[in-house]
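Worksheet for the structure shown next.
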Amino acid sequence: MTVAAPFPTNAPAQPVFELIEVEQIFHVRPPGRRFTRERLDLRALDGVRLRVMQGASVALVGESGSGKSTLLRVLLGLDAPSGGQALYRGRPIRNARARGAVFARDVAMVYQDARGSLNPRMTVEALIAEPLRHFDIVPAWEIPDRVALLLDRVGLPSDAGKRYPAGLSGGQVRRVAIARALASEPSVLVADEAVSGLDVSTQAQLLTLLRGLQREMGLTLVFITHDLGVASYLCEEIAIMYLGRIVERGPTDAVLAAPAHPYAAALRAAAPRFFEPMPDPLPGEIPSPLDLPKGCRFSSRCPNVQPDCHDRDPHLGSFGADRAVACLHPLTLPGLASKP
Ligand SMILES: Nc1ncnc2c1ncn2[C@@H]1O[C@H](COP(=O)(O)OP(=O)(O)OP(=O)(O)O)[C@@H](O)[C@H]1O
Ligand code: SF4
Ligand SMILES: [Mg+2]
-17 MTVAAPFPTN APAQPVFELI EVEQIFHVRP PGRRFTRERL DLRALDGVRL RVMQGASVAL
43 VGESGSGKST LLRVLLGLDA PSGGQALYRG RPIRNARARG AVFARDVAMV YQDARGSLNP
103 RMTVEALIAE PLRHFDIVPA WEIPDRVALL LDRVGLPSDA GKRYPAGLSG GQVRRVAIAR
163 ALASEPSVLV ADEAVSGLDV STQAQLLTLL RGLQREMGLT LVFITHDLGV ASYLCEEIAI
223 MYLGRIVERG PTDAVLAAPA HPYAAALRAA APRFFEPMPD PLPGEIPSPL DLPKGCRFSS
283 RCPNVQPDCH DRDPHLGSFG ADRAVACLHP LTLPGLASKP
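For the sequence shown, the numbering used here begins at -17 and goes up steadily by one.
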């Protein structure tokens, strides 16, 4: 497919997104008190530091409620953060979004609820033609050819164009959502749980498709998932979130081979493996973001907890050349596979 993205993907590496100490605080009613005027601060994001370079593939991983979708909404400019800086190509994301078409064309989104994101009254070809027309990507007479090209690109037969979303399987609907996202020739693809809830073989086909697209088109990919296997297959970098903070970040292979943060290690240990007994789940419940533990936010569940962990709140800091960790007592030494 000819790609004339607004930002050439062969440009020298530069940050597409940069989050500097980003906070997102929601003011919520105390649990169980529907009629009160009282509001509590819920820290959905707290001191988030993240840099996504052009052409990178980054998986955001974490338990339910860790703040992944909230972070994505900040990246997409749907919500302004309550604190810190969220930048897109060096400019505040909200301004970039407000300035319009360039951001909307360059940053495409694939939603978890792909079916819900598609108008059920439009045919597949009309759904894919919509962004082509909206962003004036090709002249009107070229639209049918471009739709056919996009259908082929995502592995759908050309007759799928005449169908409505209700006549498509779950995997096909996701392919349509990906084709629609690619129609504006973005250089950035952001996806929230885009392959969850599908059977394993459909999931594998979609992952292969996404990985191929990312590599061939030089797309920058930010991919939210609960699944470390998905993260490791699709993304070269991983950022692991816990209670509103990125607690470990680095090359996926290196982090998963020798996690430095005890939460990252626990997530890895809890991942099911073929022909092995089901591993023990991570002990304890994730604390309420309305009542964070004192000191390190993982201290109430950390198998490695030390006395000072209850007093000091570790922020994400460099760990060797290309990793970062938010822990006072990392499990590995920078550059080593494990503690001697
Ligand atoms: N609009 C909102 N108002 C109040 N609280 C919110 C709002 N959006 C998110 N939260 C809270 O912020 C925290 C982070 O939520 P978020 O949806 O970002 O988590 P998540 O990691 O995406 O979880 P999941 O894996 O279940 O999708 C949760 O405690 C959630 O209840
Ligand atoms: S700072 Fe302490 S409690 Fe927190 S993750 Fe590290 S070792 Fe565990
Ligand atoms: Mg979410």
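Glycine residues also receive a C-beta, built at the ideal position from the N, C-alpha and C atoms.
Asked                                                                                                                                        : Found
So if I measure from each beta-carbon to every heavy atom of ligand 3 and keep distances below 7 Å, which residues remain?                   : Lys50, Ser51, Asp174, Glu175 and Ile206
What's the call for Gly226, buried or exposed, on a 16-neighbour Cβ count within 10 Å?                                                       : buried
Taking the beta strand (DSSP E) that Asp23 belongs to, which residues open and close that run?                                               : Leu22 to Met35
On the three-pair Cβ rule with 8 Å, is the region 58 to 69 touching the region -6 to 9?                                                      : yes
Using the three-state DSSP reduction, which class does Thr190 fall into: helix, strand or coil?                                              : helix
Using only the alpha-carbon positions, how far apart do Ala(-14) and Asp28 sit?                                                              : Confidence at Ala(-14) is low in this model, with a pLDDT of 48, below 50, so the placement of that residue should be treated as unreliable; the coordinate-derived value is given next. One C-alpha to the other measures close to 37 Å.
Is Leu57 close to ligand 1? I mean its beta-carbon at under 6 Å from any heavy atom of the ligand.                                           : no
Which term fits Gln288, buried or exposed, when burial requires 16 or more other beta carbons within 10 angstroms of its beta carbon?        : exposed
So, using beta-carbon positions, are Arg294 and Gly266 closer together than 7 Å?                                                             : no
Given the structure, does His292 come close to ligand 2, in the sense that its CB is under 6 Å from one of the ligand's heavy atoms?         : no
Give a single yes or no on whether Ser281 has its beta carbon closer than 6 Å to a heavy atom of ligand 2.                                   : yes
Just the Cα atoms here: how many angstroms apart are Leu195 and Phe280?                                                                      : 36 Å
Give me the Cα-Cα distance between Val43 and Pro139, rounded to the nearest whole angstrom.                                                  : 33 Å
In whole angstroms, what separates the C-alpha of Ala86 from that of Arg115?                                                                 : 14 Å
What does a CB cutoff of less than 6 Å around Leu188 pick up in its chain, not counting 5 residues either side in sequence?                  : Arg156 and Val177
Could you compute how far the alpha carbon of Ser166 sits from the alpha carbon of Ile119?                                                   : 7 Å
Mind checking who His9 pairs with in its DSSP beta bridge?                                                                                   : Asp23
Please tell me whether, using a cut-off of 6 Å, the distance from the CB of Pro296 to the nearest non-hydrogen atom of ligand 1 is below it. : no
With DSSP as the reference, identify every bridge partner of Gly299, one or two as the case may be.                                          : Val307
Would the beta-carbon of Leu53 fall within 7 Å of that of Leu272?                                                                            : no
Less than 6 Å between the CB of Pro(-3) and some heavy atom of ligand 2, yes or no?                                                          : no
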